[in-house]
Amino acid sequence: MLPDGGEGRLTESKRNTIIDLTKPLSTSFIPYSTGKYTDPPLEFSDWSSLHREGFRVTRLSMGTQSGTHIDAPAHFLKDGAPLEALSPDHLMGEYYLLNLPGAASLSDISESLKTYHDEKILFL
Numbered sequence: 000m001l002p003d004g005g006e007g008r009l010t011e012s013k014r015n016t017i018i019d020l021t022k023p024l025s026t027s028f029i030p031y032s033t034g035k036y037t038d039p040p041l042e043f044s045d046w047s048s049l050h051r052e053g054f055r056v057t058r059l060s061m062g063t064q065s066g067t068h069i070d071a072p073a074h075f076l077k078d079g080a081p082l083e084a085l086s087p088d089h090l091m092g093e094y095y096l097l098n099l100p101g102a103a104s105l106s107d108i109s110e111s112l113k114t115y116h117d118e119k120i121l122f123l
């Protein structure tokens, strides 16, 4: 779903618009879990404090699948490219939006992707 409530391909009138899809990090995020596997939780902790060191540093610990993120082909494919091999151009242009408001199985996602051929797809 687009920010204005629409769905599908961005229309001509919406082109050249930057849409910030990032969400603030929060410990209320539910880590991805399947079977016996669960991603590491998002955790914040004080590393240094104004009182002790004279400055504040917060330690952040999280799995790479936490919050707003990009999945590189290497995430699912044995010989897939790592994230650093992808051009920033992959983050711009026309996309189909696939809204996943709740949990979806890999088979559900795979079935949905059969509709798209060499298209850029953005999962929400």
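Its first residue numbered 0, the sequence shown is counted upward by one per residue in numbering that gives the first Met the number 0.
Yeah, the Cβ is synthetic: ideal placement off N, Cα and C, and Gly gets one too.
Please read all numbers here as calculations on a predicted model, not as lab measurements.
| Check | Outcome |
| --- | --- |
| Smallest Cα separation from His89: which of Leu99, Leu76 and Lys119? | Lys119 |
| Quick one: is Ser48 buried, meaning 16 or more other Cβ sit within 10 Å of its Cβ, or exposed? | exposed |
| Tell me, to the nearest whole angstrom, how far the beta carbon of Ser65 is from that of Asp38; I am working on the premise that it is less than 8 Å. | 7 Å |
| For Ser25, which three-state DSSP category applies? | coil |
| From what residue to what residue does the beta strand (DSSP E) around Asp45 run? | Glu42 to Ser47 |
| Rounded to the nearest angstrom, what separates Ser32 and Ile108 at their Cα positions? | 16 Å |
| Which ranges would you report for the alpha helix (DSSP H) in the stretch 25-112 if only whole runs of at least 4 residues count? | 105-112 |
| What is the DSSP secondary structure of Leu121, counted as helix, strand or coil? | strand |
| Can you find the residues in the same chain that come closer than 6 Å, C-beta to C-beta, to Gly79, ignoring five residues on each side of it along the sequence? | Pro72 and Ala73 |
| Measure the alpha-carbon distance for Leu121 versus Ile29 and round it to whole angstroms. | 20 Å |
| Out of curiosity, what's the CA-to-CA distance linking Leu85 and Thr16? | 22 Å |
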